[in-house]
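Protein chains: 4
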Amino acid sequence: MSKLIDYAEVQKHTSRESCWVILYGQVWDVTNFLPNHPGGANIILKLAGKDATEEYDPIHPPGTLEENLPKSACIGPINPTTLPQPVKAAKDVGPEPDTQVEVPLAAMLNLDDIEAAATKKMSKKGWAYYYSAADDLVSKHFNNTVYRQILLRPRVFVNCKDCDLSTSFLGHKLDIPIFVSPAAMARLAHPDGEWGIAQACKKFHTMQMISNNASMTPEQIVKDAGPGQVFGWQLYVQTERKKSEDMLARVNKLDAIKFICLTLDAPVPGKREDDERGKFIVEDTSQAIKDAGGKELKGGGGIGQSLFFGTDPTLTWTETLPWLKKHTNKPIILKGLQCHEDAYIAAQHTPQVQGIILSNHGGRAADTAPPAVHTLLEIRKYCPEVFGKLDVVVDGGIKRGTDVVKALALGAKAVGIGRGALFGLGAGGIEGVERVLEILRDETATAARLLGVAKVTELGPLHINTRAVERDVYDGPANLPGIGGAMKGLWVQAKL
Amino acid sequence: MSKLIDYAEVQKHTSRESCWVILYGQVWDVTNFLPNHPGGANIILKLAGKDATEEYDPIHPPGTLEENLPKSACIGPINPTTLPQPVKAAKDVGPEPDTQVEVPLAAMLNLDDIEAAATKKMSKKGWAYYYSAADDLVSKHFNNTVYRQILLRPRVFVNCKDCDLSTSFLGHKLDIPIFVSPAAMARLAHPDGEWGIAQACKKFHTMQMISNNASMTPEQIVKDAGPGQVFGWQLYVQTERKKSEDMLARVNKLDAIKFICLTLDAPVPGKREDDERGKFIVEDTSQAIKDAGGKELKGGGGIGQSLFFGTDPTLTWTETLPWLKKHTNKPIILKGLQCHEDAYIAAQHTPQVQGIILSNHGGRAADTAPPAVHTLLEIRKYCPEVFGKLDVVVDGGIKRGTDVVKALALGAKAVGIGRGALFGLGAGGIEGVERVLEILRDETATAARLLGVAKVTELGPLHINTRAVERDVYDGPANLPGIGGAMKGLWVQAKL
Amino acid sequence: MSKLIDYAEVQKHTSRESCWVILYGQVWDVTNFLPNHPGGANIILKLAGKDATEEYDPIHPPGTLEENLPKSACIGPINPTTLPQPVKAAKDVGPEPDTQVEVPLAAMLNLDDIEAAATKKMSKKGWAYYYSAADDLVSKHFNNTVYRQILLRPRVFVNCKDCDLSTSFLGHKLDIPIFVSPAAMARLAHPDGEWGIAQACKKFHTMQMISNNASMTPEQIVKDAGPGQVFGWQLYVQTERKKSEDMLARVNKLDAIKFICLTLDAPVPGKREDDERGKFIVEDTSQAIKDAGGKELKGGGGIGQSLFFGTDPTLTWTETLPWLKKHTNKPIILKGLQCHEDAYIAAQHTPQVQGIILSNHGGRAADTAPPAVHTLLEIRKYCPEVFGKLDVVVDGGIKRGTDVVKALALGAKAVGIGRGALFGLGAGGIEGVERVLEILRDETATAARLLGVAKVTELGPLHINTRAVERDVYDGPANLPGIGGAMKGLWVQAKL
Amino acid sequence: MSKLIDYAEVQKHTSRESCWVILYGQVWDVTNFLPNHPGGANIILKLAGKDATEEYDPIHPPGTLEENLPKSACIGPINPTTLPQPVKAAKDVGPEPDTQVEVPLAAMLNLDDIEAAATKKMSKKGWAYYYSAADDLVSKHFNNTVYRQILLRPRVFVNCKDCDLSTSFLGHKLDIPIFVSPAAMARLAHPDGEWGIAQACKKFHTMQMISNNASMTPEQIVKDAGPGQVFGWQLYVQTERKKSEDMLARVNKLDAIKFICLTLDAPVPGKREDDERGKFIVEDTSQAIKDAGGKELKGGGGIGQSLFFGTDPTLTWTETLPWLKKHTNKPIILKGLQCHEDAYIAAQHTPQVQGIILSNHGGRAADTAPPAVHTLLEIRKYCPEVFGKLDVVVDGGIKRGTDVVKALALGAKAVGIGRGALFGLGAGGIEGVERVLEILRDETATAARLLGVAKVTELGPLHINTRAVERDVYDGPANLPGIGGAMKGLWVQAKL
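Structure below.
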């Protein structure tokens, strides 16, 4: 066992020239790694000379250190008796922790209750990362309120004793039409992280898409998969393609992962101010806006931007899909389509592409981007044949079972939840995620039965009144009178 | 007289194996009844070993004990000197009681004043049961605000000295076009209960529909009926059909009951969170979420769900109406139609079916279901002949006389109030219900006179401007261009 | 001089059998007058045995006592030393008086400032009478917000050095296109009352319509009229026609009164709850809801309802106009038209009828009645020829000069203010009314110049964008497909 | 050096007959100048006998004294020892200064943060001048919210690694499509004033239009211009044309000024109440509403109205443009067009007129005037050829990069900010303006990349969904059925 290192010694290494941090009781020299850190050097320099474990742990899957640093970078164990008191986490942003008696999960009746409970229990930084969305949160809120604009059309005198909630995606049966969308950094909510979400999905026999930025490895997440449990793996293609190829090679080996979900709606990071403000809330303001080297940090920041580091913004239909074909045989689904034109193009790429997720990234990419309901209605209007060629699912804004049946009635095969699952995890770990799925399942069943369908797959546009939404749906470019009919809306890139 | 039983003895019987409760001073052994309780066993187990009278009384009509339990189940009278102090009812949910000076009924100028007064006087549990609606209360609020979207078109220079407010329903004359819809559990508001509502209706010579879940027996409710007073009796068909058949047999004998109101809009219970939360608000939180047997209670609950116990969700046009014909000669009206297609089908079932109530169950079933005004406009648009074949009435959201005249102008023969009558009862017993009817009658007369009609039966679509509503009314399934005109909207189930 | 009467003696006469009140220091026996009081007997009985001067004075024009009571009813002077301390007026309803330093009129920049200042200075009862409107104040607020829905279309490069604001009505020139609509009970705001409003109108050379329920006599109001000053006199036809005929005879003699304004929009009183609540706010609640005879007072009340006493609700085109012709040679204008059909009919009655006021009575009659802007747009849509036959003016909701130019652009020759003038009076007497007219004049001039017109009479529909309003304007009866085009909207009573 | 003058002596000269003020330590006799002061005599009389430097300095460019007063008017230096303590500025209107720790510029993430910071640091008078807009601020707010009504239509699988943000105006290249609109009185925010704004524009290589009412001379503002830096100079034509001609002669000599921006949207001042209220907030209320001569000041006032003094409201297409041609060879752009008709006429005046700014003067002229987005859509609808003939830019309401791309997608070549630059100056001087430009630049780049364009000049109506706005855009005069199609909207003045 190596000699213990005093904290005073560590504190001498706080510059770009020599930068040490303490992680899990070990002192690491990360000087050479600084320029390669996906989140940028500054984020490390702010922690130089300190114990970075609390900041590092929930956002890095196991193995990250070992993969990225040579063994020699580990200098040795810290002398714990020399460490100062742990700094309190009061520098985080978000709501104040609540000291009231804890509400039991069973008494949380809806997803707002769940979010409120998670907000009380989570760190401010984690809350800010989950809660945040682009700019003024217009799309985030619209994702939800657009469902309130749609009215149900219940039928009477229909036997609705039972309602079959099962659906399928890419041929895999799901017991409920609700799945977990790729959502990063689950361990910010709870130590069970993405593995915990997987346990809840197993119980309800539904699908989970694993975020490219999960806080656990894919192997960890799927290790306790049940029979027939369905996972997808989300890919953000890296500028350094080799990294993506290595990752695909790992994923190819995991049978539980049935498809690759290529995310397209965030080639550059949106501006998530709630998340970014965290950077400026520190104990010593005078120091806060400078990096360890003394250079002032300007604008941006937060967990969201760090995660985008290395993402390739140059993807195209003609280059990326063929490259992907070379590196995996798993089917591809495309995530983040927001207009019918792209859905139309995607349908030209079967059989490699087998599904699409209509999504505006939970309102976290371009603010004022349309909700998935608009894109569903655009596809119905201009190119309904897409529904026959691809499995179409949606995410964003789902809070109620009535939202679920409305999306299904418009042609979605299932709906994804992101924040819902993460806040469930924050509210109660695995049981919290289960409670979220249980609430949505029960509400969906009630809504479907009141609509008079025996199976959710029977739901169609006859069951809903979408007039209030339809009049806002894209109707072709403004004032271009020469273009009419279906062609008016269809704007397929010439270079396709 | 049997020997007095000590409270200490009763408290020993609190399990599924032996469960005693005190009711009206008598100790009952309800162990064998537990699995048969319409509200589920848990609700009884929570009261095991205690005096349950306060909880039991307002929601069970007289005779319930006798009908459901053998004489032997009555063990004997409790020794009152051994009883603890009555537990205070502070565990209920809802607004805090107000200690201000009581406002006289005459100073309550509108239905909001009435509701505010009732809210102050009622138990929190009763308030929560009445106030609650499904999910986010979208339909409950829309039921009311949709009337604000309609503008009146007053005419001038018309003799409006008098205005005849009378209307008819199934051939029975009503002095005012406002009736009381079936609304359960009136004794939660006031000991006079549904009988009290009947007295007020007698005074105004209008119609009352008796809830299947009334807190009094039909015989009690109609016993003081005036000459020509009109009652309907609401039927929730029970899975155990024999129960419904027995009940119909009783009702058939009551001449004051002129028709059967078959309720169709709630084959499964909606999710009424204000009501359900009551279950989790108890003095001892650690115990609250378990039943007496120690099993945790999860989700749901409340009075609303209990009442649905036993309701048959398998009703159909082809099976249920013929069955009903066998068990009653009274005419049938159907309650809870929410789209023109079902109104169209109902009109095919004359003469057995003679009327329909357009209703979304006060927003208590499917949230975001359309208000009755939408359904009226749908019928006008797609199948106006329905108005000639059936007596159409509506309920939900009526707060003002202007609301009443708008519904009549669109073709309704009368409008029903549910919460309005119950809150009137809560605010002042019989006189409170009378005040509610008086307010609505006077407001209706004022509105009709300002519109320039001598009789409310003259009201028609020329008297109102519905453009702001019409553009939201169902216009056929979204983006199905092949279907047009009247056919576009008419979606009659193939299996009819 | 008669013997002084002790207060103790007066207090003995508080019943229907013997009812005395003190007015202006004299004791009157009003027992025989009780059944004839326009406001009902109860309102007097509540003041029986007391000094009623403070309640009586601001709402009765001089001469009222002498006209209605025989000399013998005056018993003699009260002995002032026996009177109790004057009761403080704290029983009134409305906002609390403000004790801040008074704001100078010049610092009140808009009509909201004026209303706020008047609210602070006026009695609560007076405020409630002015502020109140029917039911939920929907029409009152819509009267104003509908103007915000219309956009201006300013033109540039137009010489707008001067702008001629003058207009005409029935051939009489007005220097500004803003007049004072008939508004009752001006002395509730200020002792100068309607005479004070006349002085302000003289200064701005504009028109005033005298309310049938003015708190001063027509003779008093017009006595200081300037040269060419224009008055109209509002007529509510009384059931006791003789009263109206006598009044017309008086008015016929006054040259300053150029026309009769026959009010049609309030044949029965609307329900003005702010006004009515005043009745129930008294010092001794137990007594408040009974009249002096011990009978409980139920519902309604307030100044508004009292004023309607005696109004004839049987007026018709065919009976009333010929009767009126017999009793006056002055031209007639009709107030309160709210749909194009009635405007169309009015235009058939030239030359007796020469103008119309589109008005919903300030939102005080039928709540959810359309604002005058809707009626203007209806007329433009269905029968624009009306503008050529009649002088059309509007009132209701005017708060800004931009509102004025919008009404003019749609065809109104001028706009009336009601509450604006009354609150001006309350805020600062004559100078307050002048300030109101000055603010609106200056704002109107600014708006007209920015639109690029040299005279307000040049304003037309090209200067405004009304799309947001037009889509809500009446489009014919809902779903009556057989009726189309102009006929769709035109619903002329068969009995015309 | 002249003899020092005692403050007591100065204080004797406070009337129209003899009026002295102290400016920059010198005593001036301004008696003869009183009738010529652009802001009116009153504003000087209020400061008569006092040190006026604090009021005078930020709103008068250097040289103003020398240009307007003869040398003899300078009486001599004040004796500083006789001056009273400087009066504190607490009489200003606006938010209370904040005493919290200052937020660093980098932590201001958006333009609202910037405005909040400036509001805390600026004088209340300066804040009120910047913040204020006409009447009820309807147009000011609509300018911003109309952008929220437009949805983006992001495309996926497009290489968006880089995005070229450059655009051009009148042939001059700008690195970002965001420029500074003419905005008066920059030194109210910061001593660096308009020169400071110029430094920030230099850094981002973008355009600045210099306000006619700048608080610095054009020579001062452009003196440190970078190579290729583009300025425009705003002209309010003065009634006293000679003044405008002299000013044009000065401007003609400045090469950095590339064009003249003739402002047309404010021939008369709007009513900016926040600004005007400042006049009435003084220490001694009794005196506040009188001028020094004892005459009461009525209505209006504020900085805004003062600045309009002398502006010529008689400009016309036929007179003003030829006059302008005689006095400058620089190209002309017209500012303040608000309807397509005027844009159409402007396009007839090439080549003298080369560009237009669609603007409602930041909502400061006619309230309820349309936002520039409406005018863009009007031009697209009725006369899209205008975009080919003129460089069209917009200002008003820009707060986000998404707003910028939406305006560009509709045909604008760039967008202007006014308050944004001024509040940036208030928040942090030159660096504050830079931070504003940096925020908008980064947000614009993010939005453009997420839309999938490689250059902002590729943006077009296909990238946005404007349906929610289009239905409110002018559709021709209301109910004039005879006029249709493009002609319906086109209302070109006959006198053109």
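Protein chains in written order, with our numbering: chain A, 42 to 537; chain W, 42 to 537; chain F, 42 to 537; chain H, 42 to 537.
Positions of the beta carbon are idealized from the N, C-alpha and C atoms, including for glycine.
Computed from a predicted structure; not experimentally measured.
If you reduce the DSSP assignment to three classes, tell me which class residue i lands in.
{"i": "residue 457/W", "result": "strand"}
{"i": "residue 443/W", "result": "helix"}
{"i": "residue 427/A", "result": "helix"}
{"i": "residue 175/W", "result": "strand"}
{"i": "residue 350/F", "result": "coil"}
{"i": "residue 517/A", "result": "coil"}
{"i": "residue 502/H", "result": "helix"}
Mind pulling the chain W residues with CB within less than 9 Å of residue i?
{"i": "residue 379/F", "result": "193, 194, 195, 196, 197"}
What does residue i reach in chain W if we use C-beta pairs closer than 7 Å?
{"i": "residue 513/F", "result": "508, 509"}
{"i": "residue 488/A", "result": "407"}
{"i": "residue 404/F", "result": "Under the 7 Å cutoff, chain W gives no residues; its nearest Cβ is about 12 Å from residue 404/F."}
{"i": "residue 309/F", "result": "201, 487, 490, 491"}
Using a Cβ cut-off of 9 Å, pull out every chain A residue sitting near residue i, in sequence order please.
{"i": "residue 318/W", "result": "148, 150"}
{"i": "residue 569/W", "result": "Only positions 42 to 537 of chain W appear in the structure, and residue 569/W is not among them; the question remains open."}
So with CB distances below 7 Å, who are the chain F contacts of residue i?
{"i": "residue 358/H", "result": "198"}
Residue i versus chain H: which residues are under 9 Å apart at the beta carbon?
{"i": "residue 306/A", "result": "195, 197, 491"}
Just to make sure I have the definition right: I need the residues of chain H whose C-beta is within less than 8 Å of the C-beta of residue i. Which are they?
{"i": "residue 354/A", "result": "200, 201, 202, 490"}
{"i": "residue 314/A", "result": "150, 151"}
Would you say residue i lies against chain B (beta-carbon separation less than 7 Å)?
{"i": "residue 498/H", "result": "Any reference to chain B falls outside this structure, whose protein chains are A, W, F and H."}
List, in order along the chain, the chain A residues whose C-beta lies closer than 8 Å to that of residue i?
{"i": "residue 443/H", "result": "176, 407, 408, 409"}
Handout entry: alpha helix (DSSP H) runs wholly inside the region 184–268 of chain A, at least 4 long, in chain order
Key = 234–244, 259–263
Handout entry: Given 8 Å, three or more beta-carbon pairs between the region 494–505 of chain W and the region 195–206 of chain W
Key = yes
Problem - Cβ contact (3+ pairs, closer than 8 Å) linking the region 82–101 of chain A and the region 50–59 of chain A - result: yes
Exercise for the section: Could you tell me whether the region 504–511 of chain A touches the region 457–469 of chain A, where touching means 3 or more Cβ pairs closer than 8 Å? Expected result: no
Exercise for the section: Pick out the complete beta strand (DSSP E) segments inside the region 344–400 of chain F, 3 residues or longer, and give them in chain order. Expected result: 373–378, 394–399
Exercise for the section: Report yes or no: do three or more beta-carbon pairs, one from the region 381–394 of chain H and one from the region 280–299 of chain H, lie closer than 8 Å? Expected result: no
Exercise for the section: Give, in chain order, every residue of the region 450–477 of chain F whose Cβ lies closer than 9 Å to some Cβ of chain W. Expected result: none
Exercise for the section: Mind the definition here: the region 173–191 of chain A touches the region 348–355 of chain A only if three or more C-beta pairs lie below 8 Å; say whether that holds. Expected result: no
Practice task
Would you check if there are 3 or more beta carbon pairs closer than 8 Å linking the region 422–435 of chain F to the region 109–120 of chain F?
Solution key: no
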